[in-house]
Every structure is written in structure tokens, then in C-alpha cells.
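Participant: For the protein sequence lines, the chains are S and D, in the order given.
Using our numbering, the first residue of the first sequence is number 3, and each one after it goes up by one.
Using our numbering, the first residue of the second sequence is number 200, and each one after it goes up by one.
C-beta atoms are modelled at their ideal positions from N, C-alpha and C, and glycine is treated no differently.
Below: one structure in C-alpha cells.
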Amino acid sequence: MPTVTYINADGDRETVQGSLGTTVMQTAVARGIDGIVAECGGNLMCATCHVFVDDAWLDRLPELTDEEDEMLEETACPRRANSRLSCQLVLDADLDGIVVALPETQM
Amino acid sequence: MVIDEAPARGYYYTLTSEHYTSQEWFERDIEHVFAKSWLLAGYASQVPNPGDFFTFELANYNIIVTRAKSGAVVAFHNVCRHRGTRFCSERSGHVKRGFVCRFHGWTYDLEGNLLAAPQMPDDFDRSEWPAKPVAVEVWNGLIFVNLSPGDVPSVAHTLRNVEVGVYGMERTKVAADFVLSWPCNWKLVSEAFQECYHCSINHPELCIVLDPERNFEGLQETPVTEHDDDEFLIFTADRSYAIRQGMKTFSMDGDYVVKRLLGEADNPPSRIAQIDWFPTFQAFFQPDFIHTESFLPTSATTSAFRASFLVHEDAVEGVDYDVESLTHMYVKTLEQDRDLVEAAQQGVSSPAHEPGPLNPTLEAAAIDYFKRYKRAVGGD
């Protein structure tokens, strides 16, 4: 079972278990992680599931589509080089153990 | 269902009780009056940026009004084309790209087009399933919607002779905007608002500013609509004949309540004007602020009464005006009206009620109004 580690804006780390085929966003919502809002339920409409992916995982991520790229311009906290929308990060064997940092706010 | 008989004995009569109490007449009024008329939904200044939206409710209709990417104001029904779910649950707000129905993720863009319908078959044509559009028109910064299925004359055409340019409505902002729940059928509000026969007894603050007996006197010396427009529209460009001497605006003491007047700084308005338009829209134009009143049926026996106050967009709250002083006189007057219409509703609900005679001069506008109403719902 893949795990995901979330580091909140204060630096606190929390590691939870997800499952193959769910997303980093869904895992956060299911496990009660504060700091991911996901207003639109994973439909690339709200940019409120913004995460900063730890550098070690950047090249293992699914490809960035134009749509996600467009929505990353709308995040509440400014976009960085390692920004992704967690609703697009599907957990597979490659992403087991992934570490993401959460922005100060999603709204 | 009873359609009123033609007036007998030289008087025009009010409506029978069921018009004010029955579910049947509530639905009929929605269908034949409100769903076929231009209705005030809100203000352009409330949706300044693409993605800003508010919703407008009429009976079971719920309509999203939003600013599209093009900058146009657009309206569409808040009903998902999939299984009919109301997909926007907020009264107002902002979306970045579109509206997502949280049931199955069907997504509508800012024009109401179906942007996404997850996991539908490849040959599913999203372009055939947009959110159903609603006619919308922005007139001087006021957003009107119309649910008519067919073509209707535009607001611009209907109000073509309404001259309010001097008030600079495009450069106003909403200083106050609230909805009151009134315990009466909407037509009782109309009856009360089309006459000032009741004003001297019930509206002492209003009557400091207004001479109630002259209120409807000078109206429409120049008609603003042609005979075959079949419209009830009164535009009074200058109400000074009814304003008491020294009174400059509708406030508690008749003095301006906003330091920054409307319109151009070097040519502010100097007169008080008024629009009165079927079914339920009135706007009062003072040199310092604009007050709009509109109301909608919410049930056979209740109405939603909306009062808004517009000031110059450069007027600063707390400096040029405060909301309490701005709204006080009208709010007091509305409170007085609320008590009156409540008693009216109670009385007309009695089985002992029967239609009564209207004052031919002091209630002349109400008589014209109800002739217009009857043309809308059938009957003379």
C-alpha cells in the first residue's frame, strides 16, 4: 500500500496510507489532512489541491497537461517550479512514499 | 378560477381573495407575469471580473448570473443537464474556470457550455448539452433577466425614453442591498406601491420630503411608451412638483446623505426622477444616491422584497456616507409598508372579504397597473 507524506506550512510531517489508483488529493481528503481543499472534487477547476512536490519525486510524476498547467496559474499561493495539483497525481508503485509540502493556504 | 368581472357601478374593484391566497394563482402569476418579464437580478458592479457570479431565484427557478471571459454578463439555469441537479449551491462567489456539478463532475464553463462530462462515451457530444441559457441584459449597470421562451422587446427598447444619463449609473457601486421577507401576496405590495393614498397616515418621515397628494399627479405627462407597447411604465424625469420646498433628497431631513454626488463632479444631477415598471421594479433617482425596489413572489402568501442603494463609485463609506443614514428614511418607510401589507394579507384571506372600490384619482395608477396585470394573466 503506497504511503504519502504531507508536510504542512509549519513543517509538521504526517505520513498516511493511500491506495493504488487514488490520487494524492483523494488520500489527503480521505485521511483528514488539513491544507488540501479540493473544492471541485478533482476536475481541474479550482486549483485548491496545490502541493509542492519534494525534488526527489519530480521526475516520476505523471506528465503535466496543458489544462493543469493553466490551472496552476490560479493557485492562491504563488506557483513554484515544483508545483502540481495533487488531484492529478495518481499513486502507483513509482510514487510510493512520495513527499509533498502544502502551501500556507489554498484559498 | 375566477377572472374578475368588468367594473360595475363606475368604480374599479380589487381582486377576489383567491388571487392573494391560492397556490393556483401563485403558479399562474409566476408563469404569466414573472417568467415572461424582465426582472432585476442584480448589478454589474457585483460581478466585476470573469468568474464572479451570483444566483437569482424565482419560485423553483434558480439562475446563475456570471461574468464570462469575454467580459459579457451571461445567465443560465442552475440545472445540470445530466440528471437535473442544482450544481451551484452558493448564492454568490467566484469560480476560476467554470462550475462543477459535484454529483458526477459534469462541468460548465462561464458561458454555460458543457466543458467536461467525465467518462461519457467518446461519441457523446457535449455541445448538445449546455446549461440552458437565460436572456440577460445590462441596462445602465442594472442586470435584468427574462425567462420568456420566445423573443421579447429588449430592456433598452422598452426603456428607450427613460433618460437617466445624468445620474452616471455606470459609475456607481452598491452601498447596501438586502432582501426582506414580507408576509403577503406580491400583488398586495403592488397595490400599495402604486398609490400614495396611504402615505400621509402611515409614512410621516417620507411626508417630510414628499407631498403625498401630489405624488402621482404630474406623472407621465409625456408618455414613455407607445399605445401598442402594452406596457405599464411610468418615468418621471422631475418629481419636484411633489417634493416639499427645501428638500433635496429622500433622507430624514431632506439633506444629502452622500457627500459625493452622482454623475459628473462638474455637472451633478439636480432633479429627482423615478421609474415604475411592471411587474415590480421601481427606481428612485436622487442627486446623491439611487434607490431600487423590486419584489418577487415566494409563495401565494409571501414575497421577497429587495431594496438596494447605489452611490457614486468614488464615494467612500465612513467618509462620504454611512449606510445607516443613507438608508434610514426608506427603511423606516418600508417597515411601515410591511406592517400594512401584513394586515392586508390577513384581511383578504378571510372568507368575508370581497372586492372593494378603488379611489379613481388617488389610486389611478393602481387601476392602470391592474389592467396591465389582467392582460398578462388573462381576463380584462
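#1: Compare the beta carbon distance of D:Arg-325 and D:Leu-309 with 8 Å and say whether it is the shorter of the two.
#2: Near D:Val-363, which residues of its chain fall below 7 Å by C-beta distance, leaving aside the five closest residues on each side in sequence?
#3: Can a CB atom of chain S be found closer than 8 Å to the CB of D:Gly-297?
#4: Quick one: list the residues of chain S neighbouring D:Thr-254, beta-carbon separation under 7 Å, in chain order.
#5: Determine the extent of the alpha helix (DSSP H) in which S:Glu-16 is found, giving its start and end residues.
#6: Would you tell me roughly how many angstroms separate the C-alpha atoms of D:Thr-357 and D:Asp-567, rounded to the nearest one?
#7: Of all Cβ atoms in chain S, is any one closer than 8 Å to the Cβ of D:Gly-304?
#8: Identify the continuous beta strand (DSSP E) that holds D:His-552 and give its terminal residues.
#9: Okay, do the region 399 to 412 of chain D and the region 524 to 534 of chain D touch, 3+ Cβ pairs below 8 Å being the bar?
#10: Quick one: list the residues of chain D neighbouring S:Ala-49, beta-carbon separation under 7 Å, in chain order.
#11: Alpha carbon to alpha carbon, how far is S:Asn-84 from D:Glu-516? Give it in angstroms, no decimals.
#12: I need the DSSP call for S:Val-40, collapsed to helix, strand or coil.
#13: Against chain S, does D:Ala-565 count as a neighbour if the rule is that its beta carbon must be under 8 Å from one of theirs?
#14: Below 7 Å between beta carbons is the criterion; list the residues of the region 74 to 100 of chain S that meet it against any residue of chain D, in chain order.
#15: Using C-beta distances below 6 Å, list every residue in its chain close to D:Pro-422, excluding the 5 sequence neighbours before and after it, in chain order.
#16: Does the beta carbon of D:Glu-425 sit closer than 8 Å to a beta carbon anywhere in chain S?
#17: To be precise: take each residue of the region 496 to 511 of chain D, compare its Cβ to all Cβ atoms of chain S, and keep it if any distance is under 9 Å. Which residues remain?
#18: On a Cα-Cα basis, can you pick out the residue from D:Pro-411, D:Glu-394, D:Leu-539, D:Thr-215 that is closest to D:Ser-549?
#19: Which whole runs of the beta strand (DSSP E) in the region 374 to 453 of chain D are 3 residues long or more, in chain order?
#20: Which residues, in chain order, does the region 30 to 48 of chain S contribute to contact with chain D at a C-beta distance below 9 Å?
#21: Between which two residues does the alpha helix (DSSP H) holding D:Gln-544 run?
#22: If you reduce the DSSP assignment to three classes, tell me which class S:Leu-97 lands in.
#23: Measure the alpha-carbon distance for D:Pro-352 versus D:Lys-268 and round it to whole angstroms.
#24: Does chain S have any CB closer than 8 Å to the CB of D:Ala-391?
#25: Just verifying my parser: in three-state terms, what is the DSSP assignment at D:Ser-498?
#26: At which residues does the alpha helix (DSSP H) containing D:Ile-229 begin and terminate?
#27: Whose CA, out of S:Val-6, S:Leu-104, S:Thr-29, lies closest to the CA of S:Cys-79?
#28: Who are the neighbours of D:Arg-301 on chain S, taking C-beta pairs under 7 Å?
#29: Who does D:Gly-241 pair with in a DSSP beta bridge?
#30: Name the chain S residues that come within less than 7 Å of D:Ala-315, Cβ to Cβ?
#31: Along the alpha helix (DSSP H) that carries D:Thr-357, what are the first and last residues, could you check?
#32: I need the DSSP call for D:Tyr-211, collapsed to helix, strand or coil.
#33: Can you list, in chain order, the residues of its chain whose CB lies under 7 Å from that of S:Thr-92, leaving out five sequence neighbours each side?
#34: Which value, in whole angstroms, describes the spacing of the CA atoms of D:Glu-425 and D:Arg-359?
#35: Leaving out five residues on either side along the sequence, give the residues of the same chain with a beta carbon under 7 Å from the beta carbon of D:Ala-503.
Facilitator: Quick answer:
#1: D:Arg-325 places its beta carbon 8 Å or farther from that of D:Leu-309.
#2: Asn-339, Ala-472, Phe-484
#3: yes
#4: Per Cβ cutoff of 7 Å: no residues; D:Thr-254 is ~17 Å from chain S at best.
#5: First-last for S:Glu-16: 15 to 19, but that is the beta strand (DSSP E), not the alpha helix (DSSP H).
#6: 18 Å
#7: yes
#8: It is not in any beta strand (DSSP E) - D:His-552 carries neither H nor E in the DSSP assignment.
#9: Contact holds: three or more Cβ-Cβ distances are below 8 Å.
#10: Lys-295
#11: 43 Å
#12: The question names Val, but residue 40 of chain S is Ala in the sequence shown. The answer is coil: DSSP assigns S:Ala-40 none of H, G, I, E or B.
#13: Residue contact with chain S for D:Ala-565: absent (no Cβ-Cβ distance below 8 Å to any residue of chain S).
#14: Glu-76
#15: The pLDDT assigned to D:Pro-422 is 49, lower than 50, so where the model puts this residue is not dependable, and the model offers no usable value.
#16: Because D:Glu-425 carries a pLDDT of 49, less than 50, the predicted location of this residue cannot be relied on, and the following value inherits that uncertainty. Not closer than 8 Å to any Cβ of chain S, the Cβ of D:Glu-425 fails to qualify, so no.
#17: none
#18: D:Ser-549 has its Cα closest to that of D:Thr-215, out of D:Pro-411, D:Glu-394, D:Leu-539, D:Thr-215.
#19: 432 to 435
#20: Within the region 30 to 48 of chain S, the residues whose Cβ lies closer than 9 Å to some Cβ of chain D are Glu-41, Cys-42, Gly-43, Gly-44, Asn-45, Leu-46, Met-47, Cys-48, listed in chain order.
#21: Segment 522 to 547, the alpha helix (DSSP H) holding D:Gln-544.
#22: Of the three classes helix, strand and coil, the one that applies to S:Leu-97 here is helix, per DSSP.
#23: Computed Cα separation, rounded: 26 Å.
#24: No, its Cβ sits nowhere closer than 8 Å to a Cβ of chain S.
#25: In the three-state scheme derived from DSSP, where H, G and I count as helix and E and B as strand, D:Ser-498 is classed as strand.
#26: Segment 222 to 231, the alpha helix (DSSP H) holding D:Ile-229.
#27: S:Leu-104
#28: Gly-43
#29: D:Ile-342
#30: Asn-45
#31: In the DSSP assignment, D:Thr-357 falls within the unbroken alpha helix (DSSP H) covering 354 to 357.
#32: coil
#33: Correcting the residue identity first, residue 92 of chain S is Val in this sequence and not Thr. These residues qualify, in order along the chain: Gly-23, Thr-25, Pro-64.
#34: For D:Glu-425, the predicted model reports a pLDDT of 49, less than 50, meaning its position is unreliable; a value from the coordinates is still stated below. Roughly 11 Å separates the two Cα atoms.
#35: Val-378, Ser-380, Phe-494, Leu-495, Thr-497
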